[in-house]
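Asks: Residue numbers (my numbering), protein chains in the order written: chain V, 1 to 165; chain X, 1001 to 1352; chain Y, 2001 to 2754.
All C-beta atoms, glycine included, are put in the ideal place defined by N, C-alpha and C.
Let me begin by handing over the structure; questions about it come next.
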């Protein structure tokens, strides 16, 4: 069976042929499109390392069938920075040492971008911690992650506040 | 994961036709089904992808005060729908206490209703499991079963239903709308899930090809909004299945309980409506003594299915606390740690 | 070995480093936050095939049938590697010629020794096909009863514990001391099997070209891995090239190359094409090591004033049926408290599990939760504050060996941690504190300790005529920050700004960086780098001082100082010359030198060397529902010289998070009948989520250690978990009055009758 889907990945529209219906969005990104920034930690929706944004929402790419994503807009860690300019979340993760081994980091960052976009947590540390609890970090970098998300959230909210003022 | 046919129907009718063949399964987000397929617990021959079906992703607040939720509405969207969360705060809290933000962003309302048990022996395909293979036996009996059912279990199966969402739904008399080969029908959610008996593989009242298209909450359910909570115990602060949970809701009129609703999660193969406890509460003044009697009533039929006698006493305590929290009043906003005991307001804890 | 490798003595060319001690952000940070850091499984060479393990679902017996034809019929499946069909090995995977060589399961027979043992490998054009092919093998077994509990099977005294430590040790006479003690504490503590669960599952991409082997795989010990592969395949180590620039966590599980990684190499050889093999998460529970369960009995004797008169620490633990690793859990009792009599002993059983291995703070993690719980029980029995009790039994010499400590700032750790935490406000009796909402509040203390070890490493330093430098070492960054901290040491060693140093690391063709384990990597690799830097600067200085055209000519006895890419005459800093000028004038494009890092046996025999710390934890517990949350942890640690405070803080906090989950979460749940781990996943094997650790703080206490090594580094990778686990457990007791001695502590353990 051959299938063809159309995806916009990091702003680039691509037609993707699939010879197998079983391919998940995660394996499509990693093994077929060679966007390996998105990581596979458990493949079962239990760790969050594969978090990407699909149509602006953070999801686990490991539990999303690629075929079902036909027509979707996918944002992965590779599409977050603008050239050499890091996204505020990325910069804050470095500044607050919000990672050690770095393996969960792309998922953490995509999750943080999703969280900030959802607008439910704001700068409340407890809501940020809860909102980031779908991303395991075995190195235990949670303190830095929380600090980074709060700082980035403030930075991203500042221009919006200026506009509305 | 086995190879399968993949079909993407354009209408509900096409979907039902495509799913009526043996071995077919509906695919919504896939957050449960793909997990089951990766583990070999489920090996469907055909996936009928519902994700593009039009019209099933709406939340309609109807003129009669009821709400109709399309089966493809995402869990997160429902929980964050301001009007819904205002009317049904315990449901929003339950939704937000389940899984992780990523999973809630994907998982659908219809899919959540039909999620399978997390029984480790169901998941361990080398173990005997009557759900996976009727007649094979149940290795959870005599195994590691401290998390298993204490209500409604049978010799054939002691698994529990993992959903948080379903617990306040059954408490509030949710109704599911089903389309099938013989047309549309509706059913109380409480009747959708079955207890195991001798046929634990038959988990729901759905027939092959039946498709849940919507979930409805009756207008009366809104009246509970001022006193409605969901409480969930778990073994880490977030991103964990319930050890025991409870949804509790009241009408309070002139200082007395007009009507009470109570359901438990994590204790049985289905979300467990505790009507006997509701009867104890009706007409009483809220307080520890009546909550205690309600908890006794809710667990009156409970018995351990293994090393889980503690769950019975724990469930009583969860019921008492959930009732106390509901009596104290619904918070203005779902707490930072939804459904967690650590979100309790001052004074809500016994023995202070 | 160690005696042959003496530390290169420091020359007279003292440099005043400005990089060491700086809280630099990670040099690999941008790569990691943009997804550009390339981990092993991110590689996809042309012609790649995917290999997936089929693993055993029984714990003991043998495989009697594999449906190879069914797997091969599956579209895109290329090959099935089985015991009957596999490339030959040059060495028996069950051979063991040194204690660091662990037996591997490489399809050498149909025998099954543990659940999740690899029994076949399916190789396919796609990952999806290989995965399904492995399922289609549908093995049949001849099954023997599984032995998976500490009471399954005959106990014996292990020949050694950890790596070569005696199983029975004593100083003084414990039994008479216990008999005479005015108070005795006896308690038994149980810790479960735990799994490392690095976020990155073990992975390998292997490419053979003739008898040359190119590998991407995460490794905490590149050269040991290379040599193990060389032995197994009968090829020269020089023919093997391993790249491991980033590990997605290791925690000990990637210290030695594992069976599945070797199977990936075998698969590539079998099919003659590049192969990628990545473990599925559930397959991480078997062939890549774990922390063995322990049952530890502590017997403490006390005099009337609350001084310890005897410590007897007995450990029951387990190894696999086919290899030896015995969790050295009693080691903490050798060093932490003064006592005239100390005895430690072990017995063990052999279980049908994978071989347990080093897991973050092996020995100290389970040992310290037991000892520190018992110490807490003793303090309570004596009616003493737990901190006062520990200070009363403080020791200035290591009690078991009698050696003085090379340095020990534990008193300062206690003081600073207690101050920061507010310990003085702690009521002595349990179940006294409630917060404003009515939650029980408990405060607990645990002492942290971990040996300051060193292994062996070598580095090569280069100075170039363009004024830049390079440092080469096959070191490993598993998250601790080697790319940054070691580069800081390199920059100081070379007397260059960090930006002028090319730091090359993470591959097996570089000088042996030693093993990233035992909290010893920064010390060992750092010393190799330091000494290589000193050696190349000495060469450069010799060039300059011997050249009459140099302003440094004749500086000889006065010596020179290297800083900022220049050599300065020590007694007259007006006289200096740049590295570039010295080399250009000498007509040299570059000069190089090597340096080694290793234990100093003389210092080792004279001193006990340990890092220390004090961890203070607050837990809140619902008085009815008994749900627990660790609301605050403050750790104060003394670990010698801190190379990079930011990275050190992160490592310590990470260890403290492990301590929290040791006490409250982590446990492999094993079915006693099948021997299978039922929670071999990340949903039900609980590791902490962000919301589990709302407030963590790590303080570092200044400590100068002139003996551990010239840089004064002790290491911080593991100490954070020690002390923390017990601090949480002791806080649970303080909150509730209930002493739980089986870990993790569960809700039902705290439910008291109404």
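(1) Going straight from the alpha carbon of residue 2221 of chain Y to that of residue 2250 of chain Y, what length do you get?
(2) What are the boundary residues of the alpha helix (DSSP H) that includes residue 1123 of chain X?
(3) Just to confirm my understanding: we take residue 2234 of chain Y, look at its own chain, exclude 5 residues before and 5 after, and list those with CB closer than 6 Å. What are they?
(4) For residue 1151 of chain X, collect the residues of the same chain with a Cβ closer than 7 Å to its Cβ; drop the 5 residues on either side in sequence, then sort them by chain order.
(5) Tell me the start and end of each unbroken beta strand (DSSP E) in the segment 2206 to 2283 of chain Y that is at least 3 residues and wholly inside, in chain order.
(6) At which residues does the alpha helix (DSSP H) containing residue 132 of chain V begin and terminate?
(7) Hey, quick one: how far does the alpha helix (DSSP H) through residue 2529 of chain Y stretch, first residue to last?
(8) Within its chain, find whatever has a CB closer than 7 Å to the CB of residue 2593 of chain Y; leave out the 5 residues flanking it on each side and keep chain order.
(9) Tell me, to the nearest whole angstrom, how far the beta carbon of residue 100 of chain V is from that of residue 139 of chain V; I am working on the premise that it is less than 8 Å.
(10) Report the three-state DSSP secondary structure of residue 1154 of chain X (helix, strand or coil).
(11) Hey, would you say residue 1080 of chain X sits closer than 7 Å to residue 1131 of chain X, going by beta carbons?
(12) Leaving out five residues before and five after residue 167 of chain V in sequence, what residues of the same chain have Cβ atoms less than 8 Å from its Cβ?
(13) Suppose you measure from the CA of residue 2568 of chain Y to the CA of residue 2495 of chain Y; what does that come to, to the nearest Å?
(14) Residue 2295 of chain Y and residue 2312 of chain Y: beta carbons closer than 7 Å?
(15) Name the chain V residues whose beta carbon is nearer than 7 Å to that of residue 2039 of chain Y?
(16) Whether or not the segment 1131 to 1148 of chain X and the segment 1107 to 1115 of chain X are in contact is what I'm after, with contact meaning three or more pairs of Cβ atoms, one per stretch, closer than 8 Å; do they touch?
(17) I'd like the span of the beta strand (DSSP E) that includes residue 2572 of chain Y, first residue to last.
(18) Could you check where the alpha helix (DSSP H) with residue 1020 of chain X kicks off and where it finishes?
(19) For the beta strand (DSSP E) holding residue 9 of chain V, just list the boundary residues, first then last.
(20) Should the segment 53 to 61 of chain V be regarded as contacting the segment 2049 to 2058 of chain Y, the criterion being three or more beta carbon pairs within less than 8 Å?
(21) So which of Y/2452, Y/2553, Y/2688 has the shortest CA-CA distance to residue 2599 of chain Y?
(22) Suppose you measure from the CA of residue 2377 of chain Y to the CA of residue 2442 of chain Y; what does that come to, to the nearest Å?
(23) Can you give me the start and stop residues for the alpha helix (DSSP H) that residue 2414 of chain Y sits inside?
(24) Label residue 2266 of chain Y either buried or exposed according to how many other C-beta atoms from any shown protein chain fall within 10 Å of its C-beta, with 16 as the threshold for buried.
(25) What is the DSSP secondary structure of residue 2131 of chain Y, counted as helix, strand or coil?
(26) Taking the C-alpha atoms as reference points, what is the distance between residue 2412 of chain Y and residue 2277 of chain Y?
(27) Need the endpoints of the alpha helix (DSSP H) that residue 2490 of chain Y sits in, please.
(28) Return no unless some Cβ of chain Y is closer than 7 Å to the Cβ of residue 1126 of chain X.
(29) Using only the alpha-carbon positions, how far apart do residue 2477 of chain Y and residue 135 of chain V sit?
(30) Quick check: what's the CA-CA separation for residue 1244 of chain X versus residue 2603 of chain Y?
(31) Excluding the five sequence neighbours on either side, which residues of its own chain have a C-beta within less than 6 Å of the C-beta of residue 2550 of chain Y, listed in chain order?
(32) Taking the beta strand (DSSP E) that residue 2319 of chain Y falls in, what are its first and last residues?
(33) For residue 2515 of chain Y, which of helix, strand or coil comes out of DSSP?
(34) Quick one: give me the first and last residue of the beta strand (DSSP E) that residue 2296 of chain Y is part of.
(35) How many Å lie between residue 1260 of chain X and residue 1316 of chain X at the Cα?
(36) Is any beta-carbon of chain Y found at less than 7 Å from that of residue 111 of chain V?
Replies: According to the structure data:
(1) 11 Å
(2) 1120 to 1123
(3) 2090
(4) 1267, 1268, 1272, 1301, 1302
(5) 2212 to 2216, 2240 to 2243, 2275 to 2278
(6) Looking at the DSSP string, residue 132 of chain V is not in any alpha helix (DSSP H), and its letter there is neither H nor E.
(7) 2521 to 2545
(8) 2461, 2532, 2535, 2536, 2539
(9) 4 Å
(10) strand
(11) no
(12) Beyond the ends of chain V as shown, which are 1 and 165, falls residue 167 of chain V; an answer cannot be given.
(13) 11 Å
(14) no
(15) 103
(16) no
(17) 2572 to 2578
(18) Run containing residue 1020 of chain X: none; DSSP gives neither H nor E here.
(19) 3 to 9
(20) no
(21) Y/2452
(22) 15 Å
(23) 2410 to 2421
(24) buried
(25) helix
(26) 49 Å
(27) 2482 to 2494
(28) yes
(29) 22 Å
(30) 57 Å
(31) 2544, 2577
(32) 2308 to 2320
(33) coil
(34) 2294 to 2302
(35) 16 Å
(36) no
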